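In the order they appear, the protein sequences are chains A and B.
The end of the first sequence is residue 292 by this note's numbering, with every number in the run present.
The end of the second sequence is residue 360 by this note's numbering, with every number in the run present.
Glycine is no exception: its CB is placed at the ideal position from the N, C-alpha and C atoms.
Remember, it's a predicted structure, so these values are computed and weren't measured experimentally.
A short write-up of the structure that comes next.
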Amino acid sequence: MAIESYNQLLRDYVELGKEEMADISGPEVVRVENLRVDYGGKTAIDGINISFKRNNITAIIGPSGCGKSTLLRSINRMNDLIPGAKVTGKVYFNGIDIYSRDVDPVFIRSRIGMVFQRPNPFPFSIFDNVAFGLRVNGFKLSKSELYEKVKDALVKAALWDEVKDRLDKHAYSLSGGQQQRLCIARALAVDPEVLLLDEPTVSLDPISTARIESLLRSIKDEYTIIIVTHNMLQAARVSDYTAVMMPDENMVGRIIEFGETRQIFTNPRDKRTEDYISGRIG
Amino acid sequence: MGHQVLTGAERRHARLRKFIDRVLPIILSVAVFIAVATVASLLLTVIITGGHRLSWNLILNYPSANPEEAGMRSAILGSIFTVGLSALICVPLSIATAIYLVEYSRGGRLSSLLRYNIANLAGVPSVVFGVVALGFLAYWLGMGRTVITGAFTLAILTLPLVTVTCVEALKAVPDDLRLGAYALGATTLQVVRRISLPRALPMMLTGGILGISRALGEAAPILVVSGILFIREDPTSLFSKFTVMPLQLYNWISRPQPAFIELSSAGIIILLLILLALNGVAIALRQYLMRRIGQTWR
């Protein structure tokens, strides 16, 4: 299906969504309601309510095993791919319940991109990596249009200048930081509305990390970004909003505090948040 | 930092560990030597016994009561037909099964049940497959004791072996790559076609060749299915009567005349050469595919 028809489909969904959910006001792109995820009978996260605003960066922070990644994977239905995973509750994307029966997870994933912890470029050339999403989604593009899209994505991912002369080289010839930016470019190439990043800099050096943080800030006017991170300074540096997750006494992950990043870091309401960001726990 | 002083016991322990580290490779290399020496002595025996019998007659002539004229033409053709056909049946089926097990029924209960059963099938004695094929294919389905029945027998026989390799090949593809593709909106078919299969194909081919090599050497199930040790006729169609090389060799070995024993040794050399050639092709193909993987989109 061409990109126009995808977008039309999406507009139709949005119109439908508006009627159904009159209370959606403001530029809310993703809303999670009462979400609970179980893996093989064990609850990983529960009672999750959060919404993500357009053109903002929201950070999800919290100690290991608190379900940050689980929450992230619920937003583009990547949990479907994990055997034994069961999702209950609602996740709305532009007012569409993405877990409703007539929504195709493949479509959702082409509108909500994802970048993983470790860079995972495909064993193709740099060009083919970025073009992958455009090709699998069946965009009918001429050679020059394809090239332009690939170039745009690489420019946005701040990688173009480093690779423009060697687009046909194997992606594995890039450094770790470059590979991760390639993965960001790959996700941006299909022009998603939302970009999910699961600890994208955890395997990178500080310079590569700084590059990725600055590129995220530079593209936030076009996308809605949700970033899971271990690194509280990173959350403080890049995000507009921060959600703090913490496992409860049954090791079920919950959001204990959500608000503007400045407020979370300067004036946390929850004692546990304060303890966590000041390094006393976690 | 203070200087660490080892006690006597600690020092003895350290010496022992070092000693083991030095001795173990020697013991292990003896194991390697035994394996290599066994194969080498077998090869040598075969070459010494049958080397001088190698001739074009052996390949081009039909079997005969006269050892000077006897060849294994019908058996070579029979082997090529049945084994080739069985590979055409077995390899696509195995790959399809593996794709279903690994990519579609991701880790489900049905998937693991099937996987265990396939692994078990690989352990069934081959003659059992021959008996089943004779009863079911040859008589019940009326396919007769023919080339096609032989091919199916060998295909069923090698199916578990090749399927297991294909499953392992797909499982060896890093999940990171799959998830990356899914996250871009790829369907399972696209993930298989663009990511998993290209990466798994070299190892799958190796599995396929292993299966073919096994099929080429099988005597028992074919003896049951074809029942022919001596035939002076080329297999010309799927429904021809046929024999295969291991049966021809078996036939020669069981004769009293020393000349036929020598002939069978020469026949073994030819069988081994065909095997070697097959393996060579597989290795070349694998190298070629590995170099080509992911260079461009096609």
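Excluding its 5 nearest sequence neighbours in each direction, T225 of chain B has C-beta neighbours in its own chain below 7 angstroms: S156, T159, A160 and I180, listed in chain order. The beta carbon of V193 of chain B sits closer than 7 angstroms to those of V286, all from its chain and outside the five residues before and after it, given in chain order.
Among the bridge pairs identified by DSSP, G123 of chain A is matched with A:L205. For E209 of chain A, the number of other beta carbons within 10 angstroms of its own is at least 16, and it is reported as buried. Using a CB distance cut-off of 8 angstroms, R191 of chain A does not count as an interface residue toward chain B.
If you look at R221 of chain A, you'll find it in the alpha helix (DSSP H) that goes P216 to I229. For L219 of chain B, the uninterrupted alpha helix (DSSP H) run begins and ends at V209 to K233, by DSSP. Assigned with DSSP and collapsed to three states, F304 of chain B falls in coil, not helix or strand. Residues of the region 135-146 of chain A with a C-beta atom less than 8 angstroms from some C-beta of chain B are S135, D138, A141, F142, G143, R145 and V146, listed in chain order.
DSSP places M266 of chain B in the helix class (H, G or I) of the three-state scheme. Counted as a single uninterrupted DSSP element, the beta strand (DSSP E) harbouring D48 of chain A occupies residues E38 to Y49.
CA-to-CA, the gap between S173 of chain B and I82 of chain B works out to about 43 angstroms. CA-to-CA, the gap between V145 of chain B and I336 of chain B works out to about 12 angstroms. Identification of chain A residues near G133 of chain B by a Cβ-Cβ cut-off of 8 angstroms yields none; the smallest Cβ-Cβ distance measures about 49 angstroms. Rounded to whole angstroms, the Cβ separation of T227 of chain B and L272 of chain B is 7 angstroms, and the two are in contact under 8 angstroms.
With contacts defined as CB atoms closer than 8 angstroms, G263 of chain A and A54 of chain A qualify as a contacting pair. V238 of chain A sits close to L207 of chain A, with the two beta carbons spaced by under 8 angstroms.
Of the candidates B:A262, B:T268 and B:S316, the residue whose Cα lies closest to the Cα of P308 of chain B is B:S316. Residues of the region 93-109 of chain A with a Cβ closer than 9 angstroms to any Cβ of chain B, in chain order: P93 and G94. A straight line joining the alpha-carbon of L340 of chain B with that of R354 of chain B spans about 21 angstroms. Below the 9 angstroms Cβ cutoff, chain B contributes D238 as neighbours of R128 of chain A, in chain order.
With contacts defined as CB atoms closer than 8 angstroms, V306 of chain B and G197 of chain B fail to qualify as a contacting pair. Counting only the Cα atoms, G186 of chain A lies some 16 angstroms from F134 of chain A.
Here DSSP, grouped into helix, strand and coil, assigns R354 of chain B to helix.
Around the beta carbon of L105 of chain B, a 10 Å sphere encloses fewer than 16 other beta carbons of the protein chains shown; the residue is thus reported as exposed. DSSP places F149 of chain A in no alpha helix (DSSP H); its state is neither H nor E. Below 8 angstroms, enough C-beta pairs join the region 57-72 of chain A and the region 242-252 of chain A to call them touching: three or more.
At a Cβ-Cβ threshold of 8 angstroms, L239 of chain B and N130 of chain A count as neighbours.
Residues A132 of the same chain have their beta carbon placed closer than 6 angstroms to that of S126 of chain B, with the five preceding and five following residues left out of the count. In the DSSP annotation of this structure, the continuous segment of the beta strand (DSSP E) that includes S61 of chain A starts and ends at K52 to K63. Chain order gives the chain A residues near A248 of chain B as V146, where near means a beta carbon separation below 7 angstroms.
Take E267 of chain A, set aside five residues on each side of it, and the residues of its chain with a beta-carbon closer than 7 angstroms to its own are V254, I274, P278, R279, D280 and T283, in chain order.
Exclusion of the five residues before and after A282 of chain B leaves S188, V189 and G192 as the residues of its chain whose Cβ lies within less than 7 angstroms of its Cβ. Under a 10 Å Cβ-count criterion, E232 of chain A is classified as exposed, with fewer than 16 other Cβ atoms of the shown protein chains found around its own Cβ.
Of all C-beta pairs linking the region 105-124 of chain A to the region 164-172 of chain A, fewer than three are shorter than 8 angstroms, placing the two stretches out of contact.
Looking at A:S152, A:V140 and A:L214, the one whose alpha-carbon comes closest to that of H180 of chain A is A:V140.
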